[in-house]
Structure formats: structure tokens, C-alpha cells
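Worksheet for the structure shown next.
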Ligand code: MTE
Ligand code: HPA
Ligand code: MOS
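Residue numbers (our numbering): 213 to 981.
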């Protein structure tokens with residue numbers, strides 16, 4: 213059985229050899245043009261005129277288009293409010309104003325300099341607090357609550373309050389946004405996009421060009437990373453390049469360079485969260501009140517859902533008897549912030565983990581003790597929104613990691629170290645992730661799959677899932693191969709295309725394999741059922757050449773199994789090779805292709821009430837991280853991280869370990885070094901690898917232990933697996949809390965001021981003050 217095995221990622225070899233094809237690796241077609249966009253020079257302004265005359269004269273420039281050339285200039289994942297090209301108001305610096313098609317990139321750069329914009333500059337809102345003060349919001353207030361908060365606070369022996377602030381994060385996918393468009397006869401358009409959401413890209417292209425959906429096909433072979441940044445924001449780029457292709461009746465591509473990509477696209481949402489907590493002598497939380505404000509940027513994009521997920525993860529791994537969670541998305545004049553691995557979960561989680569450190573300090577107890585007191589366990593496993601933490605593995609994970617990481621011994625060593633060292637400081641922290649798996653928008657929890665078995669017994673499988681490096685294709689390959697008892701190499705997962713799989717959801721919410729894997733399994737089982745029936749009839753030897761095999765599903769044929777590329781009747785021991793059976797089925801005119809649809813059952817979260825079954829299940833995990841800080845520079849090294857995850861019965865433990873380590877390090881980057889810096893005019897200054905630092909191999913924990921617990925109980929997901937893509941990102945928070953822990957040793961009065969990211973500057977300032 214290939215399911216559960218460490219087969220290599222289906223692109224591992226070609227990624228290493230350089231043979232993998234990304235958008236810009238596609239050979240240029242005859243007459244293919246290149247495209248680029250001009251970004252607005254101010255963060256807020258009224259666009260009163262565009263003069264293209266000089267720019268159009270640049271040799272090699274083929275066309276320059278503005279919002280006037282689009283049939284429909286508005287798009288948006290939730291609210292259709294965002295212009296593809298600025299028409300009236302410029303809402304952030306570098307917002308695309310026009311698109312240029314040319315024979316070469318040099319001509320585009322020259323043309324950009326010659327386009328004249330007539331702009332009346334307006335006052336910009338560049339910080340979150342200003343938009344809170346002005347009540348300039350993109351959403352209405354959302355609320356999740358239960359219990360009696362007033363009573364909890366008035367009767368509690370201790371209360372604390374504070375503000376938690378986190379910064380944004382650049383996705384830093386290796387392949388920037390990229391798209392190619394091929395105009396076809398009858399106004400049809402074929403689009404190849406680096407998109408997590410081919411269906412939305414198809415729809416936005418069609419709407420913006422005034423086409424029907426059936427005239428547009430969007431194909432996604434793979435992305436060089438998406439991390440959420442290509443869930444919604446790939447679509448408008450596709451519209452721009454398709455516009456050029458349609459206007460000039462020539463194929464076109466638009467490959468955004470790194471700096472432009474960083475300036476124009478949205479990032480993880482910064483948050484400013486105001487919290488209050490009530491607790492008893494032991495550190496048990498009695499009441500928690502939090503008001504979250506996220507910085508949505510100029511447009512709504514996915515901000516509403518991201519805020520909701522932040523609210524749904526504000527409990528972290530901890531039971532909150534009395535609680536009120538409020539949330540609002542702020543409107544500011546920066547790029548429209550968007551999905552990023554964790555989708556608000558990391559921000560909600562980071563706040564409560566930070567609060568726990570403060571409770572511990574207040575009571576002069578170890579933070580782990582406070583976490584143990586409050587972790588979901590025992591009788592009441594209900595979250596603030598009423599969903600139960602089913603098959604709860606959190607206490608088991610906590611106990612195991614506490615002992616395997618030797619937390620208590622190391623705490624003593626750290627106490628000693630910090631007493632003696634004049635140059636360095638150490639800190640340690642355990643934090644958790646209890647990540648809700650499902651799209652919180654219920655309609656998105658659906659998928660379809662197309663499975664074709666060829667006459668040699670090999671399979672081509674197509675689903676709506678997109679491959680961005682996470683290994684969804686490999687898992688689908690294993691699921692299909694497992695169903696037919698054939699080696700994984702005999703299954704090819706095909707490029708994602710809206711002509712094979714339509715009305716698909718983005719590959720997001722970590723549920724790509726859950727949804728598309730299940731649809732694949734159902735489609736495979738439909739084909740298998742017919743083949744089983746053919747096998748049975750054939751083995752009865754009742755057929756004459758004139759007979760037609762009738763597929764009969766009424767018999768119990770569970771004794772016929774598909775294994776080792778054979779189909780065997782376990783009662784008689786008789787078998788046929790799969791190839792032989794496929795041939796018999798074909799000549800008897802039995803279909804060997806099928807299509808299936810899957811929707812996650814049982815979901816029902818009432819957004820207005822803030823109550824209900826928001827998720828299918830939870831992926832749980834914990835991490836213990838120890839840091840070493842240079843007291844004079846603030847430089848931080850992660851000495852050791854231990855991670856323990858519950859991934860159910862993993863379909864591919866090797867791929868999952870890669871996801872855990874990658875997500876953790878990406879999470880570490882968010883909480884430490886990754887710092888977005890803007891000028892006072894709202895220009896992103898840190899827009900290249902020289903000024904924006906993601907973790908390198910040097911920054912990964914010196915000792916890095918990752919392990920999985922055994923858990924067979926997750927019967928609501930394909931082969932009892934659990935989603936892995938985003939949940940371990942939240943464990944990066946252990947590094948931030950370890951830094952906070954370290955600061956408590958020497959500057960307890962400053963520790964609660966620690967911001968996220970805890971950059972060297974941030975740390976050294978707090979230590980120096
Ligand atoms: N892993 C790689 N290598 N590259 C990516 O872009 N995106 C992450 C995660 N892991 C990503 C990744 C995000 S944000 C999500 S939601 C999931 O993969 C999506 O894929 P899945 O649902 O198939 O896990
Ligand atoms: N997670 C990720 N992406 C999404 C979600 C979600 O819950 N909802 C809409 N897009
Ligand atoms: Mo992931 S942020 O749901 O694409």
C-alpha cells in the first residue's frame with residue numbers, strides 16, 4: 213500500500229535538475245509579447261488624467277491600456293470593490309494604473325518613465341491606530357462570546373491587561389506572480405497562471421474582459437510557492453495580461469520581478485489587539501476579553517475571513533470559560549493584505565501565548581505550568597464558539613514534549629546560565645497549535661476530481677488542487693495508486709485546469725489534500741466498482757462473445773481486492789493482472805473514467821452568532837524552543853526546537869515532516885527577523901532580499917527535533933490523515949515567547965512591551981532601556 217509511505221515528491225527530481233516548468237520557463241510562442249504595469253506614485257490621491265502619448269512612441273511598445281479598456285474593472289474575493297487598474301482614487305502606493313505590452317522588457321521600463329499622471333494627492337492613513345481613531349473600517353464588528361465576563365473579572369483574584377502588536381510578513385515565494393495568456397478563436401482565452409485559485413482567476417479574467425466563463429480556461433501546472441499570496445491576488449495580474457492578449461491578438465506573458473511583486477501585493481495582516489485577562493492564584497484563566505484590529509490595507513480582499521480565523525484561534529490551546537472576542541478590519545493606504553499561511557490563526561494564537569507569559573510572570577510561576585493549567589482537557593472541551601475539541605490530543609502532546617525536551621532540567625540550566633553570563637541571555641518556551649481545518653466559509657469546502665484509467669492500467673488524475681510545493685500532487689498520487697493497488701509512479705497527477713475541474717475552491721486552508729484527495733478516492737472507487745463487477749462476471753466464465761457485461765452493484769464483492777497490480781478473488785485465490793482486467797473491461801465497453809464530487813459533511817458556523825461547527829477537526833501540535841540572545845546586539849539564535857505534531861495517519865510522513873519544518877521556520881521568521889518598513893509616504897522600503905530578511909539555513913534551530921504522535925482516530929478525513937500545511941506555522945510563536953521569557957530575567961518591566969517581530973533592534977532596545 214503506497215498510502216502512508218515516504219515516496220518522493222512528484223517534482224523532487226525535476227526541481228533539482230531544473231527541468232520543472234514554471235510560467236516563465238514556457239518557451240516563447242510566435243509573436244509572444246511581454247507585459248508590465250505602472251504603479252501609482254502616491255499612497256492616496258485622485259487620478260485626474262493619464263497621458264500616454266510619449267510612452268506609446270517608445271520603440272517596441274505595442275499598447276498601453278487603462279481601466280477604460282476593461283469591460284469590468286472591479287474584482288474581489290469577498291467584496292467586488294478593488295479596481296484592476298486605478299480609475300478614480302489611488303488607494304496605495306504602487307497600485308497598478310496601466311498595463312504596457314511590448315516586444316521586450318526594456319521598452320516597458322522606458323515607457324513607464326514617459327507616462328504622465330495628473331494626480332491630486334490626498335491625506336493618507338498609514339498606521340493602524342489612525343484608522344482605529346477615525347473608525348475607518350472595512351468590516352462591521354464581529355463577536356464571539358460566552359459566559360459572564362463581568363462576573364469573572366469582578367470576582368477574580370488577579371487581572372492584567374495590555375496591547376499585543378504584530379507586524380506583517382512578505383510571502384517571499386521564489387516564483388513571483390506570473391501569468392501567460394493565449395488568445396484563441398471566437399474570443400476564447402487560455403490563461404496559464406501561478407495561482408492557487410484557477411477558478412477565481414478564470415472568473416476574474418472573464419468578467420474583466422466581458423467574456424463568459426466558458427470562453428476562458430485557466431491552467432496551473434505548479435507554483436514556485438504560494439503561501440496564501442496567490443489565493444486571491446493572482447487573478448488581477450491574469451486579467452492584465454489577458455487584456456493585452458485580447459487587444460493585440462497576440463500571446464502575452466507578465467512576469468512580475470521581485471521588487472515590484474513585493475511592493476504591489478498584499479502580505480500577512482499586522483494586528484493590534486487589546487486584551488484583558490482574569491485568573492486565579494494557580495493561573496487558571498477565568499475570563500479573557502480581546503478586541504482585535506487587523507490592518508486590511510486598501511481593500512477587503514480576504515481580510516474578513518482572516519479576521520474571523522484570528523478570532524477563532526484566539527483561544528490558542530486553552531479553555532476559556534468566560535470570554536469575549538471582538539474584531540474589526542482597519543482600512544489603510546497600503547497594499548491590500550491577504551491570505552498568508554495560518555490565515556489569521558497565528559495572530560490570534562500569538563496573543564494568548566503572550567498573555568500566558570504575562571500571567572506566569574505576575575504569579576512568579578513557570579509559563580509551562582500556566583499552560584498545563586489551562587490546556588483543553590477533561591470534561592468541558594468546548595471552544596468559545598461552541599465546537600468541541602474532539603479526540604483531543606493536546607494533553608498527550610504536552611506531556612510527551614515536556615519530558616522528551618527535558619524542559620524542567622533545561623529551565624534550571626537556563627536559570628543558572630542567566631545568573632552567570634554577562635554577555636548572553638537564554639530563554640525557553642512551549643507553545644501550541646490547535647488549528648481548525650476547513651474553510652470557515654462553508655461553501656468552499658467542496659472539490660471534484662476526474663480520474664482516467666488508460667488501457668495499460670496507468671492513471672491520469674485531475675483535481676482542482678494546485679501544487680505549490682506542498683506535495684498535494686504526491687498525496688493524490690498515493691491515494692489513487694492505493695485505491696488500485698498499483699505503484700505511485702503509475703499515477704500521473706495532471707496540471708490543474710478549469711476545463712477538467714470547475715467551480716473549484718482555492719488550494720488553501722490546508723485542506724487541498726483533504727478535499728481533493730477525498731474526491732479522488734470516490735472517483736477511483738466508482739471505477740473500481742465497475743472493474744470488480746467485470747472481474748466477477750469474467751471469472752464466472754459465463755460470457756459468450758455476444759454477451760455484454762452488465763455492471764451489477766447488488767452483489768457483495770468485497771472479497772475481490774486490488775493489490776500488487778493484480779485483482780484477486782480472495783475466496784478462490786484466482787486473479788487477473790490489472791492490465792488484463794482493464795483490457796477485458798475495455799472490449800466489453802465498460803467506462804474506465806470517472807468524476808466525483810466531495811463536500812465536507814457536518815460544517816455549520818453561524819457567522820452572525822459566532823457559534824457552531826466551524827471546522828471539520830483540529831490539527832494539534834506543540835513546540836519547545838530555546839533561544840540565546842547577545843545582550844549587546846540583540847542577535848538571537850535558536851539553540852534548539854522540539855516539535856511534536858498530531859497529523860493523524862499521515863499519507864506521506866516525509867512530505868509532512870517537510871511541511872512541519874518549513875512552516876515552523878517560516879513562522880520563526882515572522883516572529884523574529886522579518887520586518888516590513890515603510891516610508892512616511894507609505895512606500896514599502898524593504899522590498900527586496902537586501903532589505904527584507906527571511907530565515908536562512910543559518911537561522912534554523914541548531915538542534916531541530918520533529919516527531920509525530922500516533923493517532924488513528926481521525927475518521928472524518930481521507931485515510932484518517934490530518935491536514936499539515938498551516939498548523940505548524942503557529943509553532944514559530946515558541947521562539948518569540950522564548951525571547952520574551954529571556955527578557956523577563958533581566959528587564960521584567962520591559963518584557964510586556966516586546967513587539968512581534970522581535971528583531972535585534974527591538975530586543976536590544978528593551979534590554980538597554
Ligand atoms: N508548502 C510549500 N512548499 N509552498 C507553499 O506555498 N503553502 C502553504 C502550505 N504549504 C505552501 C506550502 C499554505 S498557505 C497552505 S494553505 C497549504 O500549503 C496549501 O496546500 P494544502 O492544502 O494542499 O496543504
Ligand atoms: N482559509 C484559507 N483561505 C480561505 C479561507 C480559510 O478559512 N476562507 C477563504 N479563503
Ligand atoms: Mo493558505 S494561507 O490557506 O493559502
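Cβ coordinates follow ideal geometry from the N, Cα and C atoms, glycine included.
C-alpha distance - residue i paired with residue j, whole-angstrom precision
i: residue 425; j: residue 483; result: 37 Å
i: residue 857; j: residue 554; result: 16 Å
i: residue 334; j: residue 348; result: 15 Å
i: residue 304; j: residue 895; result: 9 Å
i: residue 511; j: residue 293; result: 7 Å
i: residue 921; j: residue 798; result: 45 Å
i: residue 905; j: residue 401; result: 39 Å
i: residue 765; j: residue 788; result: 20 Å
i: residue 612; j: residue 953; result: 22 Å
i: residue 975; j: residue 440; result: 29 Å
i: residue 393; j: residue 407; result: 13 Å
i: residue 234; j: residue 436; result: 7 Å
i: residue 656; j: residue 676; result: 12 Å
i: residue 603; j: residue 527; result: 18 Å
i: residue 944; j: residue 887; result: 15 Å
i: residue 618; j: residue 720; result: 36 Å
i: residue 869; j: residue 940; result: 10 Å
i: residue 434; j: residue 981; result: 49 Å
i: residue 582; j: residue 950; result: 15 Å
Where residue i sits in the DSSP three-state scheme
i: residue 363; result: helix
i: residue 729; result: helix
i: residue 286; result: strand
i: residue 306; result: coil
i: residue 322; result: helix
i: residue 213; result: coil
i: residue 265; result: helix
i: residue 546; result: coil
i: residue 333; result: strand
i: residue 751; result: helix
i: residue 480; result: coil
i: residue 744; result: helix
Residue interval of the alpha helix (DSSP H) (run including residue i)
i: residue 689; result: 684-696
i: residue 562; result: 557-575
i: residue 474; result: 470-476
i: residue 413; result: 410-421
i: residue 448; result: 446-460
i: residue 794; result: 790-799
i: residue 973; result: 972-980
i: residue 517; result: 515-524
Opening and closing residue of the beta strand (DSSP E) in which residue i lies
i: residue 818; result: 816-818
i: residue 429; result: 428-432
i: residue 341; result: Residue 341 -> not in any beta strand (DSSP E); alpha helix (DSSP H) instead, spanning 340-345.
i: residue 404; result: 401-405
i: residue 354; result: 354-358
i: residue 225; result: No beta strand (DSSP E) contains residue 225, which is instead part of the alpha helix (DSSP H) from 224-229.
i: residue 770; result: Premise fails: residue 770 is in no beta strand (DSSP E) and is neither H nor E.
i: residue 674; result: 671-675
i: residue 506; result: 497-509
i: residue 780; result: 778-781
i: residue 806; result: 805-811
Buried/exposed call for residue i, threshold 16 Cβ in 10 Å
i: residue 753; result: exposed
i: residue 283; result: exposed
i: residue 809; result: exposed
i: residue 891; result: exposed
i: residue 783; result: exposed
i: residue 923; result: buried
i: residue 634; result: exposed
i: residue 444; result: buried
i: residue 451; result: buried
i: residue 495; result: buried
i: residue 375; result: exposed
Complete beta strand (DSSP E) runs within the region 830-914 (minimum length 3 residues, chain order):
The region 830-914 contains these whole beta strand (DSSP E) runs: 848-858.
Counting only runs that start and end within the region 566-640, where is the beta strand (DSSP E) found for 3 or more residues in a row?
Whole beta strand (DSSP E) segments, 3+ residues: zero.
Any alpha helix (DSSP H) of 4 or more consecutive residues that is wholly inside the region 922-963
Taken in chain order, the whole alpha helix (DSSP H) runs of length 4 or more contained in the region 922-963 are 945-958 and 960-963.
At 4 residues or longer, what runs of the alpha helix (DSSP H) sit wholly inside the region 226-257?
As far as the region 226-257 is concerned, it has no whole alpha helix (DSSP H) run of at least 4 residues.
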